[in-house]
Each structure stands twice: as structure tokens, then as C-alpha cells.
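Please read the structure below before turning to the comments.
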Amino acid sequence: MKKLLVILLALAMVFSLAACGGTEPAPEGEGEGEGEAGYEIAMITDIGSIDDKSFNQGTWEGIVAYAEENDITHKYYKPTEQSTDAYLAAIQLAVDGGAKIIVTPGFLFEEPIFIAQEQYPEVNFILIDGNPHNADYSVFRTDPNTVGILYAEEQSGYLAGYAAVKDGYTKLGFMGGMAVPAVVRFGYGFAQGAEAAAEELGITSIDLKYHYTGNFDATPENQTLAASWYAEGIEVIFAAGGLVGNSVMSAAEAAEKAVIGVDIDQSIESDTVITSAMKGLAASVQSALDAYYSGSFPGGESLIYGADKDGVQLPMATSKFKTFSQADYDKVFTALADGSIVLKNDTDAESATDLGLSIVKITLVD
Numbered sequence: 004m005k006k007l008l009v010i011l012l013a014l015a016m017v018f019s020l021a022a023c024g025g026t027e028p029a030p031e032g033e034g035e036g037e038g039e040a041g042y043e044i045a046m047i048t049d050i051g052s053i054d055d056k057s058f059n060q061g062t063w064e065g066i067v068a069y070a071e072e073n074d075i076t077h078k079y080y081k082p083t084e085q086s087t088d089a090y091l092a093a094i095q096l097a098v099d100g101g102a103k104i105i106v107t108p109g110f111l112f113e114e115p116i117f118i119a120q121e122q123y124p125e126v127n128f129i130l131i132d133g134n135p136h137n138a139d140y141s142v143f144r145t146d147p148n149t150v151g152i153l154y155a156e157e158q159s160g161y162l163a164g165y166a167a168v169k170d171g172y173t174k175l176g177f178m179g180g181m182a183v184p185a186v187v188r189f190g191y192g193f194a195q196g197a198e199a200a201a202e203e204l205g206i207t208s209i210d211l212k213y214h215y216t217g218n219f220d221a222t223p224e225n226q227t228l229a230a231s232w233y234a235e236g237i238e239v240i241f242a243a244g245g246l247v248g249n250s251v252m253s254a255a256e257a258a259e260k261a262v263i264g265v266d267i268d269q270s271i272e273s274d275t276v277i278t279s280a281m282k283g284l285a286a287s288v289q290s291a292l293d294a295y296y297s298g299s300f301p302g303g304e305s306l307i308y309g310a311d312k313d314g315v316q317l318p319m320a321t322s323k324f325k326t327f328s329q330a331d332y333d334k335v336f337t338a339l340a341d342g343s344i345v346l347k348n349d350t351d352a353e354s355a356t357d358l359g360l361s362i363v364k365i366t367l368v369d
């Protein structure tokens, strides 16, 4: 009888998990720590993978670092698909699993968090790269149990474009993923940085191919396009699209050309990566978690992390520049941080060709 009861309970657990869906096994070491049962800090991944060497990974690394330092249980949940319902199902699973604070990376969570923050008022949410709104964007609302964190990607892109031209590159490519605000800001900043460096150096013309792939995936199509750009003379491509970067790196390796990574330091991914336009993902997540656990959670606010808050940077220690120096970097970074350099972002121009550039010649690629 006892054996039958154990079997029935096991089957019940299996069917319960199958009905909830939206997760995959936690990485080794995840969830370690003392305290009450369940996982106190949860992350819901976006459509990418937890080891995407980009946005998901950078956010998760921040969570792991904070949780392990403070001995707090933690776990990530991967939705079954890209949809509001799937994201909400994963959030419910995290709540049922004991989550007190949930971190969601990416603009795709704006609508799910708009709903979840009201459904689970006892749970706190950290929304990275977005602010909560309803399905038709008619209502934006960040409740007291939620904080939105945005980044000045145009500044990070500016640093990358400025450094590339200062280092001798004059034929550039920007291959973004989906044309969402964060990706657009990266591209606009990249073009403006290239323009500023060219002006300082007395260069009269910089070529820039510009394209959004419409996805964040490593695909044969993305690799083929990157390869064609390199074959046409492009020297370095800024790949701002998650796993799109893997396609660009593969093309660069074959052509012996260069790549600029995105979000985190991607130099370990390929010898072709000369630098990365980074966001302070881990630092900002740790800051928000620390605020929660110290009782000063900035609920209801939308925070913007730029150079003034170390929210953007280039990884100079691992960058493969030939002439662009630490002193060059410090000078331009300080100018961004103190507001001496003011940039156009996604709200100031409808497309990259509307940035008012005179030296950088932008070719939009369909």
C-alpha cells in the first residue's frame, strides 16, 4: 500500500510539472544556500538561452554572484515559448516555488510584468530593459513592487564606434537583432561615436552598413549576410543581437576580420572580438537586489544606468586595440559621464539616417 502511495505521488508531481511547463533544469550549483524551502530569487529567461554570452547570461551572473555571497536560494525558469501567456506561466511557477523577488531580462517582459505585478503584490519584480505597460501601450504603470531598469545603450554604442575609428577602422558594419529600443540605441550611438572620432582625426568619410536581422538567433542567413559584408570590404561589424553575434563571429573567423560584441565581454567567444559594448547588467541587478534586501527597494521607479552610474563600458583589459589607449577611453568615458557629450537616441531620430551625420555614410541594408 505504501509503495502504491509513493508511485501515485510521484506521478502526481510529474503531471503537475508538465501542466505548469516553462522551465528547464537549473545549472549545477543553482539554488544553493540556507533558508526556507524553495528558491527565493528567481529569474525568467527571455527567448534566448541562459548561456547566450549576452543578456540572459549577464543578468544571471549578477543574480548568482549576489545570491551566493549572501547565501540566498536562487533559480532560473525558461518559458516554453515567446508569448505573454508563457512568460506569466513561468512567473507563476517561480512564485509557487517560493520566489520573493523575480528578475526578468528584456523588453519582452513589459506586458507580462504589467500583469504580474498586480497579480502578485506580495512579490517584487526587477524588469531589465523596460517599463511595464499593457498590450496596446496605452497604459504604462510601474507598481510599488516593481522597478524598471534601462540603460543608455547609445553611450555604450558610442564608445564602441569611437574606439573603432580611433583604432583605424573606417569601413564599419552594424548588425542588430530585432529593432527594439535597446538595439536601436546601440546602433545610433555606434554611428555617432564613429562620426566624432572621424572628426577628431580629420577623416572625411566613414562607410557604415546598417541592418536589423529581425531575430536574436545564430542562423545561416545571418552568417551569410555578415560574410558578404566582409567580402565587400567591411573591416569590423558591431553585432548587437544576442546569438546573432555567433553568426557574425563565424563569418569573421573565415574572413579574418573583426567583431564588436555586445552586452557582456564576449572576447572569450572568438579571437575576432576586438571589444564589446557592455551594459552593467550584473552590477545593476546586484544593486537592485541589495536595495530589496536592505529595505530600500525603489518600487514604482524607472532607473537609467549610463556612464554616470557605470551602466555602460568597454572591457579595456581584454580589448584588442592597436592604438586606442586607456587614456583615450578614460577621456571619452568621463565626457559621457559628466554630460559633456549629449547623444541622440531612439526617441530623437526615426532611423540611423536621421542622425544628422556628415562624415559617416550610412547604407541601410534590407
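Read in our numbering, the sequence shown has 45 at position 42, and its numbers run on one by one without any break. Ideal placement from N, C-alpha and C gives every residue a C-beta, glycine not left out. If you're wondering where the values come from, they're calculated on a predicted model, not measured in any experiment.
Query	Result
Closest Cα partner of L284 within the set E64, A310, V168, I50	E64
Of the residues A97, I209, E114, N249, the one placed nearest G236, counting alpha carbons only	I209
Close beta carbons around T356, own chain, < 7 Å, minus the five adjacent residues each side	I365, L367
Contact set for E198: own chain, Cβ-Cβ below 6 Å, skip 5 residues either direction	L360, I362, V363
Sheet register partners of L211 (DSSP bridge)	L175, I365
Nearest-angstrom beta carbon gap, I66 and V106 [assumed within contact, 8 Å]	6 Å
6 Å CB neighbourhood of E39 in its chain, flanking five on each side removed	The predicted position of E39 is uncertain, since its pLDDT is 43 and thus under 50; no value can be drawn from it.
Nearest-angstrom Cβ-Cβ length linking L346 and G192, presumed shorter than 8 Å	6 Å
Helix, strand or coil at T337 [DSSP, three-state]	helix
Cutoff 7 Å; reference T222; Cβ partners in own chain excluding five residues on either side	S250
Integer-rounded CB distance, given that F189 should sit under 8 Å from S159	7 Å
Coarse secondary structure for G41, derived from DSSP in three states	coil
Segment limits, beta strand (DSSP E) that includes K282	276-282
Residue ranges of each beta strand (DSSP E) within the stretch 115-171, 3 or longer	127-131, 149-154
Check whether T145 and N137 have beta carbons under 9 Å apart	no
Which listed residue (Y90, G314, D369) has its alpha carbon closest to that of T48	Y90
Alpha-carbon spacing of S354 relative to E202, whole angstroms	22 Å
First and last residue of the uninterrupted alpha helix (DSSP H) at L228	223-234
Collapsed DSSP secondary structure at D266 in the structure displayed	strand
Contacting residues, own chain, Cβ-Cβ under 6 Å from I344 (five flanking each side not counted)	A338
Reduced DSSP category for I53 - H, G, I as helix; E, B as strand; rest coil	coil
Distance, Q120 Cα to F58 Cα	22 Å
Distance between Q269 and V247 (C-alpha atoms, nearest Å)	13 Å
Environment of S328 [buried if 16+ CB atoms lie within 10 Å]	exposed
Candidates E113, E259, S141: closest to I131 by CA position	E113
Other residues of its chain near G24: CB distance less than 7 Å, five sequence neighbours each side excluded	The predicted model places G24 with a pLDDT of 33, which falls under 50 and marks its position as unreliable; any figure quoted below should be read in that light. Here the set comprises T83, A92.
Element boundaries [alpha helix (DSSP H), containing A255]	247-258
Length of the line joining the Cα atoms of F336 and Y215	27 Å
Spatially closest choice to A310 from K103, I240, P301, K334, by CA coordinates	K334
Coil, strand or helix - P318 by DSSP	coil
S290 (DSSP reduced to helix, strand or coil)	helix
Cut-off 6 Å between Cβ atoms - residues of its own chain near F110, not counting five sequence neighbours on either side	D132, G133, V183
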